Every structure is written in structure tokens, then in C-alpha cells.
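**Student:** In terms of the numbering used here, the sequence shown opens at residue 34 and continues consecutively.
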Amino acid sequence: MKISFKKIEGKTSFMNPMKNHALDEIPFEIRFDPLTGETGRVFDLPFKAERPDLSATIERSRKQFCPFCEDKFEKATPLFPKEFLPEGRLRVGQALLIPNLVPFDKYAGVAVFSSQHYIPIEELTPEKMYDVFMACSSFVKRVAETDPQTSFFSINWNYMPPSGSSIVHPHLQVNCGEVPTNELRAQVEGSSRYQKENGRSFWEDLVETEKESKERYIGEIGTTFWSMNFVPFSFLPDVLCVFAQNHSLASLDKDSLRSFLDGLSRIIAYFNSENILSYNMSVFSTREEDFFRVNARISPRLFPRAIGNNDMAYLQALHKEPFTVRPPEAEAPKVREFFH
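1. What are the complete beta strand (DSSP E) segments, minimum 3 residues, inside the segment 159-209?
2. Measuring CA to CA, which of L297, F258, S196 and V316 is closest to F268?
3. Once the 5 residues before and after D57 are set aside, which same chain residues still bring their CB inside 8 Å of it?
4. Residues bridged to E42 by DSSP?
5. Are the CB atoms of T179 and C209 nearer to each other than 8 Å?
6. Looking at the structure shown, is F304 part of a helix, part of a strand, or coil, going by DSSP?
7. Please report the straight-line C-alpha distance between A109 and D164, rounded to a whole angstrom.
8. Given that a residue counts as buried once 16 or more other Cβ atoms are within 10 Å of its Cβ, and exposed if not, what is P378?
9. Does DSSP put G252 in a helix, in a strand, or in coil?
10. Taking the alpha carbon of P203 as the point to measure from, which residue in P114, L87, M162 and E116 has its own alpha carbon closest?
11. Take F266 and list the residues in its own chain whose beta-carbon comes closer than 6 Å to its own, dropping the five residues that flank it on each side.
12. Which residue marks the beginning of the beta strand (DSSP E) containing A144, and which one marks its end?
13. With distances taken from CA atoms, which of A128, N262 and N231 is nearest E243?
14. Leaving out five residues on either side along the sequence, give the residues of the same chain with a beta carbon under 6 Å from the beta carbon of Q127.
15. Enumerated in chain order, which unbroken segments of the alpha helix (DSSP H) with a length of 4 residues or greater are wholly contained in the segment 41-121?
16. Evaluate contact between the segment 72-84 and the segment 99-106, counting only Cβ atoms and requiring at least three cross-stretch pairs below 8 Å.
17. Do G73 and R64 have their C-beta atoms within less than 8 Å of each other?
18. Please identify the residue among I154, F76, Y151 and L348 whose C-alpha is closest to the C-alpha of F61.
19. Identify whether F293 lies in helix, strand or coil by the three-state DSSP scheme.
Written as C-alpha cells, this is what we have:
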């Protein structure tokens, strides 16, 4: 069975107090992820994020203890065992990669961008991001070479507090282990199943199908393909990147990384234009598998409103059901402008 973008269209009726209690209808869609089959809810509501004032957040963060700042780094951060990394910390240009004090996997690192405590979203250029992503790539390659049992890798980024980051000082987290996360497991199982059933790569078919339909297509940079996700994970639509020729982060080449960072900087610029100043990013990878492609997802996050609520509630937290208030197809043309 080829790729199917299945959705169920529904609507609910009520007497709307904002329209003098006249009968009103709100449409919605239940969408099925073409790879995993998992569902998500999509609405088309008139939502626009307000631009938050970050000055108080940044000032408060400067007064708190930050282990990544230059005057604290040496004493406050751990080192890798010498048998794994003789130098203790992995340095690439301005970036430094250290062990994660809260390890989510067998090999867990934190890669700090530089000594700069706060990097505004408009300064996140490909050049600014290259060293820290290269450090993570080098870490993955070292793990893959030294531990053949490790088969699952990810590079992750929580930018600013709404994304879950407890430290404003920009950093990535890289995880390598023998057991995939739920999302990576679903991707691996879906990719393997699709290839067995169709004799083709899901990821190649996805790229071809999205390019043909143009509904969610954003663009291509080098060997990276960019589109909006059919089933978003976040309150506002998120973005998918497929590394079309890369099966694993363990063999990622510099050209593909530079292409990814070029595209990522454009997505970040789009977020900034929409007053989105926080996001989550994950790059998913296995060890070399013919049926798999390295892929990334970038999900916008919103700063709390005056009452203090965030952009997640019971539906995402307990039902594991994402919903978005804007259709991905409505946002794609806006994002595409940043790829011209």
C-alpha cells in the first residue's frame, strides 16, 4: 500500500455566544500519520501568537547559577571517562560537549554552543550553529565506533524555557543507546513495514509525494527536503526535514549537515516572524538501515500567557494525542517564502 494521507473530517454545532447565540459549526479533522498510523487533531482557528517580552526572563537567568558560563564551566561540569574520551570534554570550535548529569540513555551528552549566555533567535545563523552540531555528530560517530550494540541516536534542542529548557544558555542534548524512544521505534517499525510491503523506501516516496502535491512542500537545500508535517505534534504546525541520502547520524557528512543548518536557520527565521521565540527540535537516527532516513522535526512552543498556562494540556499529556489550531497547509506558503 502506497503512502496515504488519511483524514476524517468532522464538525460540531453549538449556539455561539460570540454570534448572538446563533447556530454555529466548528469543523475539525482527525488525521492519521502516514508512517505510524498515530492520530492528531487539526483545527483552523484565527490564532496569532503575541510577541513576548523576554527581557525579564533573560535578566533573571543571568542572576541564577549557570554552569555553562565561562567562569563556572571548568568546575561545574563533568568529564567523560578517559577510556571513552581521553581529553574529558569534546571541543569543536567554540562548542564544548560534556556528559549529561541527567542521562536519558547509555551515552548522553550536552553540547554547549559557546560562552555566550543568551543567543537571540535572530542570531541563530548556520555559522553560529555549526560547531555545536558538529560536536554532536562527532560524539555519535565515536559512540558508534566504540560500541557496536548502540543502534539508536538523536540530537535534541530545547530553545528557551517554554520548550522545557531549565537553562537559557543555549545547548543541545545528544543521546545514543540500545533502546529507541517511542517515536523513533514507531518510525523504525513503520519504515521497515512499508519497505517490506511496497519494495520501496517510505522516505523516498514521502519526498516524491509531497513534492507532487505541493500542499505542505517547503523546499530543498542540498540533500535535505523540507515540508510541513501532515500530523503536527505541536499547538502550531511543525516542520519536517528528511536527509534524503543519509541513513544514519553515524555517517553524516559535512555537506549534509551544512544543508540542514541552512534550512533550520530559515525555519527559525519563520518562527521569529510569527512571534514564536521557543521551539523543540529532534534529529532521529538509527545505525545504517536501508529502509530508514535521518529526519528531523522542529516544533514551535509558546510562552505562557498572563494567566501562566502553557501550550500543552490533558489531550497531549495523557491521551498522547497532539492537536494544532492551524492547518499545516495554511502555513506552508508562509514558510516557503523563507526558502526563496
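Ideal Cβ positions, reconstructed from N, Cα and C, are used throughout, including at glycine. Keep in mind the model is a prediction, meaning the values are calculated, not measured.
**Tutor:** Here's the rundown:
1. 185-192
2. Closest by alpha carbon: S196.
3. S46, F47, M48 and N49
4. E62
5. No, Cβ-Cβ distance for T179 and C209 is not below 8 Å.
6. helix
7. 22 Å
8. In the structure displayed, the chain extends from 34 to 373; residue 378 sits before or after that span and is not available.
9. Here DSSP, grouped into helix, strand and coil, assigns G252 to strand.
10. M162
11. S332 and P355
12. Y140 to V145
13. N262
14. S147 and D164
15. 88-96 and 106-109
16. no
17. Yes, Cβ-Cβ distance for G73 and R64 is below 8 Å.
18. F76
19. helix
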